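In our numbering, the protein residues as written are 530 to 860. Here is the structure we will look at.
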Amino acid sequence: MPTALITGITGQDGTYLAEHLLSLDYRVHGLIRGQANPKRQLIETLLPDVHIVEGDLLDQTSLINAIQRVEPDEIYNLAAVSFVPVSWNQPELTGEVTGLGVLRMLEAIRLVEGASASRPARNARIRFYQASSSEMFGKVAVTPQNEQTPFYPRSPYGVAKVYGHYITVNYRESYGIFACSGILFNHESPRRGPEFVTRKISRAAARIKLGKQKELVLGNLDARRDWGFAGDYVRAMHLMLQQPEPDDYVVGTGEAHQVREFIDLAFRHVGLNWQDYVRSDSQFSRPAEVDHLTADATKARQKLGWQPTVSFEELVQMMVEADLKAETGGR
Ligand code: NAP
Ligand code: GDD
């Protein structure tokens, strides 16, 4: 039975990945931070088969201890300060967790495997996945973006992810660690945090329909993203670690849509005209915006055999339906 350690287990992707690995008969451990993390109970209820291990990406020793205790075959590093606007308010914390946290994970692997510059980890057992991001492309040089597209991050979060990406590549090249970086485009689900735009919209559409909310205030409605379903994207993470050689992969649908298209579909799904309820306010604008992201996931399709199964329209409907159910006490 293979063993996996997931950091960021309490996040959107952590729960989907844990479910996927459990369905493949993995023994799954999830790293949880804090002495009384309120999301611990959520994991214990939603994923009773996941073993919880304590640790924090800010604490090197805790990561070494976690790896020594769990003895994983695969590590998925999903933990991060992941909400882009927070990264302008807390740039140092973002750099520490989202950037240097990756280094701490890799150092923990290097130390546990006994690898050094003169003794690479040739028979290394642990395979490492780093959750890189399309935010690294930022002010894009070309459209669509693939593994060769240069990075031009536009937020402290994006800058930290670029560090995480290159330190992953560097530990692979320096120490022979089986380290992969998945450059994932936006992926959403009913489990998406309510601060992200898709969930903010699906939740508002449901609440406005039910008379629980009067209006929805957003920022830039013109931004375009390549939105997919998180449940599809965690399959790509796992596939990367099953390949004969470690490598980096772009993962996305290849289709971009404007924020206003997401709004339009969500409100139409509940029989409302969005123009009657939605307004834009500069309080939700960003100091530097990423206008347009579209994935060229040819490599993931060809080498991993990966493809998405949920369309943009299906994703919007799935999220609005889930929020309607949640708002009427059905979840
Ligand atoms: P998420 O829902 O925001 O989850 C983030 C996770 O990181 C949470 O479990 C959080 O734990 C954990 N975390 C934060 N600080 C930590 C620390 N100091 N030590 C240990 N854990 C810590 O994010 P997600 O959407 O699942 O995304 C997963 C990863 O993929 C992230 O690295 C994100 O940047 C990246 N990514 C996401 C997308 C996307 O569209 N979703 C696209 C590209 C890349 P708490 O519950 O304790 O806060
Ligand atoms: N959150 C939010 N709230 N975004 C808004 C709003 C609003 O009220 N109004 C407009 N937007 C626009 C943002 O300006 C951005 O252009 C777009 O909607 C998407 O914003 P988010 O949903 O917050 O996601 P993100 O693209 O910034 O970041 C997500 O995807 C990245 C991958 O590209 C996060 O999951 C990151 O962690 C991830 O790396």
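Don't be surprised by glycine CBs; every beta carbon is placed ideally from N, CA and C. The structure presented is a predicted model; accordingly, all values stated were derived computationally and were not measured.
{"Asked": "DSSP state of glycine 711, grouped into three classes?", "Found": "strand"}
{"Asked": "What is the C-beta distance between threonine 532 and proline 601, in whole angstroms, given that I count them as a contact (C-beta under 8 Å)?", "Found": "5 Å"}
{"Asked": "By the three-class DSSP mapping on this structure, what secondary structure does tyrosine 699 have?", "Found": "It should be pointed out that residue 699 corresponds to asparagine in this sequence rather than to tyrosine. Three-state result, asparagine 699: helix."}
{"Asked": "Report the partner residues of tyrosine 605 according to the DSSP bridge assignment.", "Found": "Ile535, Tyr658"}
{"Asked": "Checking 8 Å against the spacing of the C-beta atoms, do phenylalanine 612 and glutamate 724 come in under that value?", "Found": "yes"}
{"Asked": "Quick one, are the C-beta atoms of phenylalanine 813 and alanine 734 less than 8 Å apart?", "Found": "no"}
{"Asked": "Could you compute how far the alpha carbon of leucine 550 sits from the alpha carbon of glutamate 621?", "Found": "33 Å"}
{"Asked": "In chain order, what residues of the same chain lie with their CB nearer than 7 Å to the CB of threonine 782, ignoring the 5 residues before and after it?", "Found": "Asp755, Gly757, Ala824, Pro837"}
{"Asked": "For arginine 683, count neighbouring Cβ atoms within 10 angstroms of its own Cβ and tell me buried if that reaches 16, exposed if not.", "Found": "buried"}
{"Asked": "How big is the Cα-Cα spacing for glycine 722 and arginine 648?", "Found": "43 Å"}
{"Asked": "Give a yes or no on whether the C-beta atoms belonging to histidine 798 and valine 845 are separated by under 8 Å.", "Found": "yes"}
{"Asked": "Verify whether the separation of the beta carbon atoms of serine 811 and leucine 747 is less than 8 Å.", "Found": "no"}
{"Asked": "Verify whether the separation of the beta carbon atoms of leucine 640 and isoleucine 696 is less than 8 Å.", "Found": "no"}
{"Asked": "Just to confirm, are methionine 530 and tyrosine 658 a CB contact at a threshold of 8 Å?", "Found": "no"}
{"Asked": "Using DSSP with H/G/I as helix, E/B as strand and the rest coil, what is leucine 770?", "Found": "coil"}
{"Asked": "Can you check DSSP and say which residues form a bridge with arginine 754?", "Found": "His786"}
{"Asked": "Going by other Cβ atoms of all chains shown within 10 Å of its Cβ, with 16 needed for buried, is serine 645 buried or exposed?", "Found": "exposed"}
{"Asked": "Could you tell me which residues DSSP puts in a beta bridge with tyrosine 778?", "Found": "Gly711"}
{"Asked": "Could you pull the start and end residues of the alpha helix (DSSP H) that valine 726 belongs to?", "Found": "726-738"}
{"Asked": "What residues are listed by DSSP as bridge partners for arginine 817?", "Found": "Inspection of the sequence shows that residue 817 is occupied by alanine rather than by arginine. Paired residue(s): none; alanine 817 is not in a bridge."}
{"Asked": "Pull up the distance between the alpha-carbon of aspartate 777 and that of lysine 741, whole angstroms please.", "Found": "44 Å"}
{"Asked": "Following a CB-centred definition, is valine 819 positioned closer than 7 Å to any heavy atom of the ligand GDD?", "Found": "yes"}
{"Asked": "Count Cβ pairs between the region 655-675 and the region 573-590 that sit closer than 8 Å; are there 3 or more?", "Found": "no"}
{"Asked": "When you compare the CB positions of valine 779 and glutamate 676, do they come within less than 8 Å of one another, or not?", "Found": "yes"}
{"Asked": "Do you know how far the Cα of histidine 580 is from the Cα of arginine 728?", "Found": "28 Å"}
{"Asked": "Classify aspartate 554 as buried or exposed, calling it buried when 16 or more other Cβ atoms lie within 10 Å of its own Cβ.", "Found": "exposed"}
{"Asked": "Is threonine 823 near the ligand GDD, in the sense that its beta carbon is under 7 Å from a heavy atom of that ligand?", "Found": "no"}
{"Asked": "Any chance the CB of serine 611 is under 7 Å from a heavy atom of the ligand ADP?", "Found": "Judged by which ligands are present, the ligand ADP is missing from the structure shown, whose ligands are the ligand NAP and the ligand GDD."}
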